[in-house]
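Everything below concerns the one structure shown next.
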Amino acid sequence: MRTLDSSTSLRIAIQKSGRLTDKTISLLEGIGLKFDDYKRSLLVKCRNFDVELLLIRDDDIPEYVQDGVCDLGFVGANTVAEDQANVTILRGLDYGVCRLALAAPKNGSIKTTEDFTGKKIATSYPVLTRNYFETKGIKNVSIVTLSGSVEIAPRLQIADAISDLVSTGGTLKANGLVELDKIFDSETQLVQTNKPLSEGKQALIDKMLQRIEGHKTAAESRYIMMNAPETAVPKIKDMLPSMKSPTVMPLADNGMVAVHTVIPIDTFWEVMEKLKAAGATDIVMLPIESMIV
Ligand code: ATP
Ligand code: ZN
């Protein structure tokens, strides 16, 4: 294995094994980076770009990027904020979406944020939790920092309430807790070191960012094709929330055309029904692998 110091490749920190790992790898592969088996090594060389992945615990990522050990990192906004890391957030990514929630036992004495005065809260996020109470002006809250299994702290009488990461809230419910407030909204972020980078590395980062943008737009778009009478084209054109003017091609049948365009996925069903009413037939929707607008 290469030592950390010997490389001038763009080094990217990702979570070794956890909720963010597969989605981060599939995003990197989706923008064209190829890796050999990334599960078996700590440092994985990219086969087609001057990039290497460092696979570490997510908690270590902000600091590694801050210190310039890694140039980029894919990590939860919660972890970046909790560590108060001095890094540049390049963009948010829509996976690893969760929130830091404040929760208390269902039938206990804590019903609102004000009831927290003088109480003990267990969390893995002491900085964000303390900030929350300070902002609310609630004093005298003591924080018990735990590294995991925070949700059982009230039952063990280690704390009166908790703040913990949730996505659906199922774990809270299963532990007899009710969510009282949201402390922090989180998603995965791509962060960059504030240490100076070579022109080559910066250019590669810019290229990756552009590809990520294209990948996201593609995931949110669909290519649609339909046949229609030529006379219906002006009406169809008005209905299409397309990025550009649609492509209209004549069909062998007189007076008939094929219309092709790209639309945002969330408009598809509504648009399709309207298109049909306007005379379009054989409407086909296709996924798009990637696109640069
Ligand atoms: P590691 O071994 O790397 O320290 P971990 O156990 O701290 O792993 P995971 O549970 O894999 O971390 O969570 C990683 C990140 O996934 C969290 O920091 C958060 O950004 C995000 N995440 C998304 N949904 C949830 C959820 N429901 N609970 C916890 N984290 C979530
Ligand atoms: Zn962790």
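The sequence shown begins at 0 in numbering that gives the first Met the number 0 and counts up one residue at a time.
All C-beta atoms in this analysis are idealised placements derived from N, C-alpha and C, irrespective of residue type, glycine included.
What you are looking at is a predicted structure, and each value in this text was computed from that prediction instead of being measured.
By the criterion of a C-beta distance shorter than 8 Å, Thr111 is surrounded in its chain by Leu179, once the five residues flanking it on both sides are discounted. Within the same chain, and ignoring the five residues on either side of Gln83 in sequence, the residues whose Cβ sits closer than 7 Å to its Cβ are Val126. Judged by their CB atoms, Ser166 and Cys97 are nearer to each other than the 9 Å cut-off. Not one heavy atom of the ligand ZN is found less than 8 Å from the C-beta of Gly72. Here Gly169 is exposed, its C-beta having fewer than 16 other C-beta atoms within 10 Å. Straight-line measurement puts the Cα of Gly117 at about 16 Å from the Cα of Leu101. Per DSSP, the beta bridge partners of His259 are Met224 and Thr246. Within the stretch 8-57, the complete alpha helix (DSSP H) segments at least 4 residues long are 20-29, listed from N- to C-terminus. Collapsing the DSSP output to three states places Ala276 in a helix. In the DSSP assignment, Val68 falls outside any beta strand (DSSP E), carrying neither H nor E. Rounded to the nearest angstrom, the gap between the Cα atoms of Thr128 and Lys135 is 11 Å. Under the Cβ criterion (8 Å, minimum of three pairs), the stretch 42-52 does not count as touching the stretch 152-166. Non-local C-beta neighbours of Lys15 in its own chain, meaning closer than 6 Å and more than five positions away in sequence, comprise Leu54 and Ile55, ordered along the chain. Here Met290 carries a coil assignment [DSSP, helix/strand/coil]. Sequence-distant Cβ neighbours of Pro153 in its own chain, meaning closer than 6 Å and more than five residues away, are Pro104. Around the beta-carbon of Ile264, fewer than 16 other beta-carbon atoms lie within 10 Å, marking it exposed. The residues Asn77, Ala80, Arg98, Leu99 and Leu127, in chain order, have a CB closer than 7 Å to that of Phe183 in the same chain once the five nearest residues on each side in sequence are set aside. Exposure of Pro286 is indicated by the presence of fewer than 16 other C-beta atoms within 10 angstroms of its C-beta. Classified as buried, Asp57 has 16 or more neighbouring CB atoms from the shown chains inside 10 Å of its CB. The ligand ATP has no heavy atom closer than 8 Å to the beta-carbon of Cys69. Cβ contact annotation for Gly199 (same chain, cutoff 8 Å, sequence separation greater than five): Asp49, in chain order.
Under the three-state reduction of DSSP output, Leu203 falls in the helix class.
Around the C-beta of Ile262, 16 or more other C-beta atoms lie within 10 Å, and the residue is accordingly described as buried. For Ala84, there is no enclosing beta strand (DSSP E), as DSSP marks it with neither H nor E. In this structure, the ligand ZN has no non-hydrogen atom nearer than 8 Å to the beta-carbon of Thr246. Assignment of Gln188 by DSSP, reduced to helix, strand and coil, places it in the strand class. Relative to the ligand ZN, the beta carbon of Gly29 is positioned no closer than 8 Å to any heavy atom.
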